[in-house]
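In our numbering, the protein residues as written are 2 to 286.
Using N, Cα and C, we set each Cβ at its ideal position, and we do this for glycine too.
Here the structure comes first, spelled out in structure tokens, and everything after it is commentary.
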Ligand code: AMP
Ligand code: MN
Ligand code: MN
Ligand code: MN
């Protein structure tokens, strides 16, 4: 029986980290769900930054397409003065504790966007707020929208340089994150009946020692899993992350972090296979 379950898990195409234009993705929730279906995904999660507003439309399309939609959200959080991302999966989006937490982050995003626009204004970028707002399809403004605006204005040539020259650290447009602490964010996700997963662990600017310290702190605060496989993971990275996940008693998750940007070279559901599917996060789903 156990072997059958493991085989089913291995055969399934699962992608538990994707964005729509309700945060900084390009496509609508329906378009993302259709793409997931076309890619042969059996299980798919929509995980927009700090909002669950895209899930209603995504669920309607998932019903039409007969694909399993996991209700998700990617929440910004502070750990040791750094911003990290914690994905909540299988959440009840209507849970009041989760909703009020996300509202707090959405409000912070508004004041942060105004600060960023002022700071960019000081660096000679005229009308930063209006131009950025015009690019966003909802009232959620992310740094990606500012990045798009700076590229469109011809101030930077691509995403990589725009984040390096603007939008980070002490650069114009770089304003520190004041997100909720990691333990609080994990509590919101648990209150909503979800599982909490650390997103893209190897993408933070941290040494391996620091990543392991973070895993230990997060695991002690109740973290359930960690993304062992993301879009560009190498075999070596997957082996390393699986080992660390096991050491910290964390389940293994996988997600492409699809945003739909042309140059991102990421396809929904196009991920490497799990080496030990018995530790898969969704084995009990
Ligand atoms: P925010 O949550 O508004 O601070 O925006 C963070 C988002 O910006 C991330 O989820 C990424 O999608 C994007 N991002 C951050 N750093 C970079 C980078 N160096 N290059 C491209 N995109 C980035
Ligand atoms: Mn993003
Ligand atoms: Mn992220
Ligand atoms: Mn993401």
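{"Item": "Can you tell me whether residue 101 is buried or exposed, with buried defined as 16 or more other CB within 10 angstroms of its CB?", "Value": "exposed"}
{"Item": "Could you give the distance in angstroms between the alpha-carbon of residue 211 and the alpha-carbon of residue 64?", "Value": "42 Å"}
{"Item": "Specify whether the region 81-99 and the region 204-220 touch according to this definition: at least 3 beta carbon pairs, one from each stretch, less than 8 Å apart.", "Value": "yes"}
{"Item": "Report the residue from 56, 73 and 60 whose alpha carbon sits nearest the alpha carbon of residue 254.", "Value": "73"}
{"Item": "Check whether the region 16-35 touches the region 238-256, counting contact only when three or more Cβ pairs, one atom from each stretch, lie closer than 8 Å.", "Value": "yes"}
{"Item": "Considering Cα atoms alone, identify which of 68, 242, 158 and 178 is closest to residue 199.", "Value": "242"}
{"Item": "Determine the DSSP secondary structure at residue 59, reduced to helix, strand or coil.", "Value": "helix"}
{"Item": "I need the residues with a C-beta less than 7 Å from some heavy atom of ligand 3; please give them in chain order.", "Value": "75, 86, 200, 201 and 258"}
{"Item": "Within the continuous beta strand (DSSP E) that includes residue 80, where are the two ends?", "Value": "69-80"}
{"Item": "List in chain order: all unbroken beta strand (DSSP E) runs of 3+ residues lying wholly within the region 203-257.", "Value": "226-230 and 252-255"}
{"Item": "Identify the continuous beta strand (DSSP E) that holds residue 197 and give its terminal residues.", "Value": "196-199"}
{"Item": "Cβ of residue 20 versus every heavy atom of ligand 4: is any distance shorter than 7 Å?", "Value": "yes"}
{"Item": "Taking 7 Å as the cut-off, does the CB of residue 145 come closer than this to any heavy atom belonging to ligand 5?", "Value": "Among the ligands present in this structure, namely ligand 1, ligand 2, ligand 3 and ligand 4, ligand 5 is not found."}
{"Item": "Residue 231: which of 240, 224, 36 and 29 sits nearest, CA to CA?", "Value": "240"}
{"Item": "When every heavy atom of ligand 4 is checked, does at least one fall within less than 7 Å of the C-beta of residue 231?", "Value": "no"}
{"Item": "Could you compute how far the alpha carbon of residue 156 sits from the alpha carbon of residue 191?", "Value": "43 Å"}
{"Item": "So residue 174 packs on residue 117, CB below 8 Å; how close in whole Å?", "Value": "5 Å"}
{"Item": "Quick one: which unbroken alpha helix (DSSP H) runs of 4-plus residues sit fully inside the region 125-151? Chain order, please.", "Value": "129-136"}
{"Item": "Based on the DSSP output, what are the partners of residue 45 in its beta bridges?", "Value": "16 and 70"}
{"Item": "For residue 126, count the other beta carbons within 10 Å of its own beta carbon; 16 or more makes it buried, fewer makes it exposed. Which is it?", "Value": "buried"}
{"Item": "Apart from the five residues on each side of it in sequence, which residues of its chain come closer than 7 Å, Cβ to Cβ, to residue 55?", "Value": "21, 23, 30, 47 and 49"}
{"Item": "Ends of the beta strand (DSSP E) at residue 84?", "Value": "83-90"}
{"Item": "Which of the three DSSP states, helix, strand or coil, is assigned to residue 266?", "Value": "coil"}
{"Item": "Going by the beta-carbon positions, is the gap between residue 93 and residue 193 smaller than 8 Å?", "Value": "yes"}
{"Item": "Identify, in the order they occur along the chain, each residue of the same chain with its Cβ nearer than 8 Å to the Cβ of residue 280, setting aside the five sequence neighbours on each side.", "Value": "243, 246, 247, 252 and 253"}
{"Item": "In the DSSP assignment, the alpha helix (DSSP H) including residue 187 goes from what residue to what residue?", "Value": "183-192"}
{"Item": "In terms of residues, what are the limits of the alpha helix (DSSP H) holding residue 97?", "Value": "97-123"}
{"Item": "Below 6 Å CB to CB, which residues in the same chain sit around residue 38 once its five sequence neighbours on both sides are set aside?", "Value": "66 and 68"}
{"Item": "Using only the alpha-carbon positions, how far apart do residue 159 and residue 273 sit?", "Value": "28 Å"}
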